[in-house]
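Residue numbering for the sequence shown follows the working numbering, beginning at 6 and increasing consecutively. Idealized CB from N, CA, C, for every residue including glycine. Here's the structure we're looking at; comments come further down.
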Amino acid sequence: MEVRDMRRSDWHRILERDYVCRACETDGMREMESVLTIKEITAPLRVHNGAEQVTIVEKGYRWVQIAREGAFVWLTAMFDDAARLLQMYFDITAGNRFDAPDNPTFRDMYLDVVVTAAGKISVLDQDELDEALAKGNITPDEHDHAEAVCRGLCAWLEEHGTEVMARCERVLRDLEGRV
Numbered sequence: 006m007e008v009r010d011m012r013r014s015d016w017h018r019i020l021e022r023d024y025v026c027r028a029c030e031t032d033g034m035r036e037m038e039s040v041l042t043i044k045e046i047t048a049p050l051r052v053h054n055g056a057e058q059v060t061i062v063e064k065g066y067r068w069v070q071i072a073r074e075g076a077f078v079w080l081t082a083m084f085d086d087a088a089r090l091l092q093m094y095f096d097i098t099a100g101n102r103f104d105a106p107d108n109p110t111f112r113d114m115y116l117d118v119v120v121t122a123a124g125k126i127s128v129l130d131q132d133e134l135d136e137a138l139a140k141g142n143i144t145p146d147e148h149d150h151a152e153a154v155c156r157g158l159c160a161w162l163e164e165h166g167t168e169v170m171a172r173c174e175r176v177l178r179d180l181e182g183r184v
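Here it is, written out as structure tokens:
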């Protein structure tokens, strides 16, 4: 399992970035919100999000990330250079950690959920999760937990996806001037 951080410091595609984060609390739970502005890259990145091809890394693009301490989901919302939401991407994690005050981390559990700007929900990388189990990289309990978190997230997004999009847009507006 790979460990990822909110600064996305492992991404060598991003040569220069601006990053700002803040702590907050939602429903009595500690969270971190951030905006990562992509300033210089080696090359753009286009991905298939379950519905279409979409560019998610380009100069001027911004990523809003929201993580709840101890939760098993990590949200990254990608915005283009005109602040239009491209997609929301949810990593299923083995738990979010806030050890570094301005750079939370998570262990990636392979399975992902994408919500397009139009609201279409897709599950990605089930094959990677299954392969990790077959290779012994995760336990059967971890596999089952990741699937259960994914199912719960998808059901929750059916009801609350629009609210999550609005929150991501609000975080972008609030933090954009602080970058």
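How long is the line joining the alpha carbons of residue i and residue j, rounded to whole angstroms?
i, j, result
"ARG156", "LEU162", "10 Å"
"ALA153", "ALA48", "36 Å"
"LEU20", "ILE46", "5 Å"
"MET93", "LYS44", "20 Å"
"THR110", "ILE97", "13 Å"
"ALA88", "CYS173", "11 Å"
"THR167", "LEU91", "14 Å"
"LEU180", "ARG13", "17 Å"
"VAL95", "GLU30", "The identity of residue 95 in the sequence shown is Phe, whereas the question assumes Val. Roughly 19 Å between the two C-alpha positions."
"MET11", "ASN108", "5 Å"
"ALA99", "ASP32", "21 Å"
"HIS150", "GLU136", "15 Å"
Would you say residue i and residue j are within 8 Å of each other, going by their C-beta atoms?
i, j, result
"VAL40", "VAL176", "yes"
"CYS26", "MET37", "yes"
"LEU138", "LEU116", "no"
"VAL119", "LEU158", "no"
"MET6", "ASP113", "yes"
"THR42", "ASP23", "yes"
With residue i as the anchor, note down where its beta strand (DSSP E) starts and where it stops.
i, result
"GLY100", "90 to 102"
"TYR115", "110 to 121"
"TYR24", "19 to 31"
"TRP68", "67 to 73"
"SER39", "34 to 46"
For residue i, count neighbouring C-beta atoms within 10 Å of its own C-beta (all shown protein chains included) and say buried if the count is 16 or more, exposed if not.
i, result
"VAL8", "exposed"
"THR81", "buried"
"ALA160", "exposed"
"HIS148", "buried"
"ARG178", "exposed"
"ARG18", "exposed"
Can you tell me where the alpha helix (DSSP H) with residue i in it begins and where it stops?
i, result
"ASP132", "131 to 139"
"ALA151", "145 to 181"
Kindly indicate if chain C contains any beta-carbon less than 8 Å away from that of residue i.
i, result
"TYR66", "Any reference to chain C falls outside this structure, which holds one protein chain only."
At least 3 beta-carbon pairs within less than 8 Å: the segment 90 to 105 vs the segment 69 to 78: Segments in contact, yes.
Assess contact between the segment 125 to 134 and the segment 43 to 63, defined as three or more Cβ pairs (one per stretch) separated by less than 8 Å. Is contact present? yes
Between the segment 58 to 67 and the segment 129 to 142, are three or more C-beta pairs nearer than 8 Å? no
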